[in-house]
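Shown next, in structure tokens, is the structure this report addresses.
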Amino acid sequence: MDTINLIIDNKPIVVKKGTTILEAASSIGVQVPTLCHMKLDDLNIENKPGGCRVCVVEVEGRRNLAPACCTDVHEGMVVNSHSIRAINARRTVMELILSDHPADCLICAKSGDCELQDMAQQLGIRKIHYPGEQSHYREDTSPAIIREIDKCIMCRRCEMMCNEVQTVGVLSAINRGFDSVVSPAFEMNLDHSECTYCGQCVAVCPTGALTEVDDTGKVIRALSDPAKTVIVQTAPAVRAALGEEFEMEPGTLVTGKLVSALRRLRFDHVFDTDFAADLTIMEEGTELLNRLGKHLAGDKDVKLPILTSCCPAWVKFFEHQFPEMKEIPSTARSPQQMFGSIAKTYFAEKLGVERENLVVVSIMPCVAKKYECGRDEFKVNGNPDVDHVITTRELAALIKLSNIDFKTLPNEDFDNPLGESTGAGVIFGTTGGVIEAAVRTAYEIHTKKELPRLDFDELRGMDGIREATIDFDGLPIKIGIAHGLGNARKLLEDIQAGKSEFHAIEIMSCPGGCIGGGGQPYHHGNAEILKKRQMAIYQEDKNKTLRKSHENPHIIKLYEEFLGEPMSEKAHHLLHTEYFDRTE
Amino acid sequence: MPEIKLSENTIQLIKDICFEFENKESELINVLHRVQGKLGYLPAEVQEVIAKELKTGVAKVYGVVTFYSFFTMIPQGEFPISICMGTACYVRGAEQVLAEFKRQLKVEVGESTGDGKFSINCLRCVGACGLAPVVTVGEKVFGRVAPSQVKQIIAEYREGRNSEDVKTA
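One line per chain: the protein sequences are A and B, in this order. Every position in the first sequence, counted from 1, becomes a number in the numbering used here once 600 is added. Every position in the second sequence, counted from 1, becomes a number in the numbering used here once 60 is added.
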């Protein structure tokens, strides 16, 4: 293996050929500041346009300063990361960036969590010597994402996520020089574009240029309206990440504190989307077995593979990009929407409350869920099944606003009946989890035997595309998993070309699945955080007494009392949906 | 932006050009160049067809169109006039020449005259700095242009004396 000897800040080191100065420096504890650069290890995601020039370092014998993030080391290189020249250049670059940035940090949505703000502090910027021209763009609001482009610093992370990782291709740098900015085509609004609202642009934006629509005000108003019964559901990935907003270690499970906080916020009933995830498995698992049975019996009209349909960004993606395949995904609604539908029928009846007076709030790791709950097919006479969606980040803000000391809260349990869940519902929060949950139930229904094991390690992990064959007592079931829409596209193109051999495919739009959702606490480019959240999800699954959806007693009761059986007419009406061609 | 419905023929023309370049995304600039050569400009609807054919985002196509000043989304006049604003031309009075064109034709840079005959654009250097200031009409180059000659240049085209030399870019 080729190695390179060099010196960084007086310390000699040996690194592999092809290492950048930034990586080499980091390996010996020299933290060269960066702004546009971002790397998510293990997910093959990297942004290094070398655009911001904050990471410049002095290299002996080189005329100009070198951008550390995109300069490879070479033999005998001598690097000074904090020479006066490097520091001055860095500060000048930073002042120039700040000279065209609104100085409204005190009231900015990103304040305290802003990489630009942190960098200005780290570099000790106290005065901007370049009062120059300022850009003024109109704000672009959509059902899920707000673009405040005056705050864009052209790091182009969002463009990289939207094009290379997600292959959605909605955002691109346009115009040139001072006028250049990241925008949809023809400067149209996001809601006129093919944007899926996956929110990965928001997840990586270093400033307040891209943020989620803030719906906390609507939730506060609903909670203070005495005429309304307000209930809440929380998605599985929220409990594995919320603690980070309160300086807890990434990967800390805060399920009990989360429930306790929601009760203090005065929600009338604190429920769990995991319950609806169990319900999803009953419907989707049954649909899988039905389709599989017909397919094996030789029915040519039955299309396989079946694709999961829990993720609203994924649904919007195939509606725009692969409308001719809209018959392939499962017709099962997402857990969020199943919850809303059951809450406003079954549960509203139990309470004796009109659906108009029952407000359903979702806590989601996701910004696309804000868009999903507004889709017309999820409304009855204009009243949505889910009224408001707030992200993990917004919930943290709401908890802080309500004077709750989160860290000292006691652990409490969810309410019944829509709060009971199994481990299968919990693992919906990570890539691989939905299909593992489906396997646990489909196996037992199909074989009428008890599963010999519950942990399917072959379905777990962080690789972008994974495949495994699970033995259904002599029947080999081929399973594919993709997270990130670019990976999903690859599997879809295989299906289009007739090359796919899978029976079932799980797709989640966000890298890592919902744990890496666009509404989660910002990871600031640290992929370790995603892995810790994933471990927390599997830990929660292990902690559960019940780990198979079909064993959830309240799900069994729901079918007995209300739905009949999976895929019944009533279940079809309340828990399934259809998809639309959005290319017109 | 007014919506333009492209004719089947135009769509086919664009598809053929993309196909000539093997529908490669890396050939985007060449495709845009060729299509603008045929149509005179690149309206949104044209960019959408190109994006689809090259399997790339329409935002990317728009990004390239707005990056290069050569590409335009506005229909050009029958006789597109370009005034060079490169350093040599600028110091030798290109700005006054441009002002005179704008005054005579009563249009701004990037616009076309109402009769569709003329449009004005600025460009940077045609590689004939010795002839500064330089004006091009279509592919014909005029050197050492003085503001006093502007009226005459326009008249030549308006009366059709020079029109056979001109191919719209």
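In this text, a Cβ means the ideal position worked out from N, Cα and C, and glycines have one as well.
Query	Result
Backbone secondary structure at A:M754 - three-state DSSP	coil
Where A:L810 sits in the DSSP three-state scheme	strand
Interfacial residues, the region 766–780 of chain A to chain B, with Cβ spacing under 9 Å	T767, V768, G769, V770, L771, S772, A773, I774, N775, R776, D779, S780
Residue-chain proximity (B:V118, chain A), Cβ-Cβ < 7 Å	yes
Endpoints, the beta strand (DSSP E) within which B:P140 is located	139–144
Local conformation of A:I999 per DSSP, three classes	helix
Listed by chain order, chain A residues near B:F127 by CB distance under 9 Å	A773, I774, N775, R776, S780
Minimum C-alpha distance to A:E927 - residue among A:E949, A:E887, A:F875, A:C966	A:E887
Helix, strand or coil at A:C805 according to DSSP, with G and I counted as helix	coil
The region 193–204 of chain B touching the region 129–142 of chain B, judged by at least three CB pairs closer than 8 Å	yes
Collapsed DSSP secondary structure at A:S1021 in the structure displayed	coil
When A:N610, A:N644, A:I1035 are compared against A:I628, the one with the closest alpha-carbon	A:N610
Cβ distance (whole Å) where A:A913 is taken to contact A:C798 below 8 Å	4 Å
Chain-ordered chain B contacts of A:A785 [CB-CB under 9 Å]	A104, Q107, E108, A111, G117, V118, A119, K120, V121, Y122, G123
B:Y128, buried or exposed, once every other Cβ within 10 Å from all chains shown has been counted against 16	exposed
Residues in the region 1072–1104 of chain A having any Cβ partner in chain B nearer than 8 Å	none
Inter-residue spacing [alpha-carbon to alpha-carbon] between A:P744 and A:G1117	Looking at the sequence itself, residue 744 of chain A is Ala, so the reference to Pro does not match. Going by the C-alpha atoms only, they are around 13 Å apart.
Residue environment, A:K900, which counts as buried when at least 16 other CB atoms sit within 10 Å	exposed
Selection from A:N644, A:R738, A:A625 that minimises the alpha carbon distance to A:H682	A:A625
Local Cβ density within 10 Å of A:Y730, reported as buried at 16 or more and exposed below that	exposed
A:T1069 - partner residues in DSSP beta bridges	A:K1078
DSSP beta-bridge partners of B:C182	B:I143
Straight-line Cα distance separating B:H93 from A:K1090	31 Å
For B:V186 and B:G146, the rounded distance between their alpha carbons	8 Å
C-beta contact flag for A:C714 and A:T807 at 7 Å	yes
DSSP state of A:F1056 mapped onto helix, strand, coil	coil
Cβ shell of A:S1002 (< 8 Å), same chain only, five flanking positions each side left out	R864, L865
Alpha-carbon spacing of A:R662 relative to A:K751, whole angstroms	34 Å
Beta-bridge partners of A:M638, as assigned by DSSP	A:N647
A:G1125 classed as buried or exposed, judged by whether at least 16 other C-beta atoms fall within 10 angstroms	buried
Straight-line Cα distance separating A:A785 from A:I697	25 Å
Residue nearest to B:E80 in terms of C-alpha spacing, selected from B:L102, B:L99, B:E113	B:E113
Cβ-based contacts, 7 Å cut-off: residues of the region 788–803 of chain A near chain B	none
Cutoff 6 Å; reference A:F917; Cβ partners in own chain excluding five residues on either side	T796, L1085
Beta strand (DSSP E) runs wholly inside the region 101–161 of chain B, at least 3 long, in chain order	139–144
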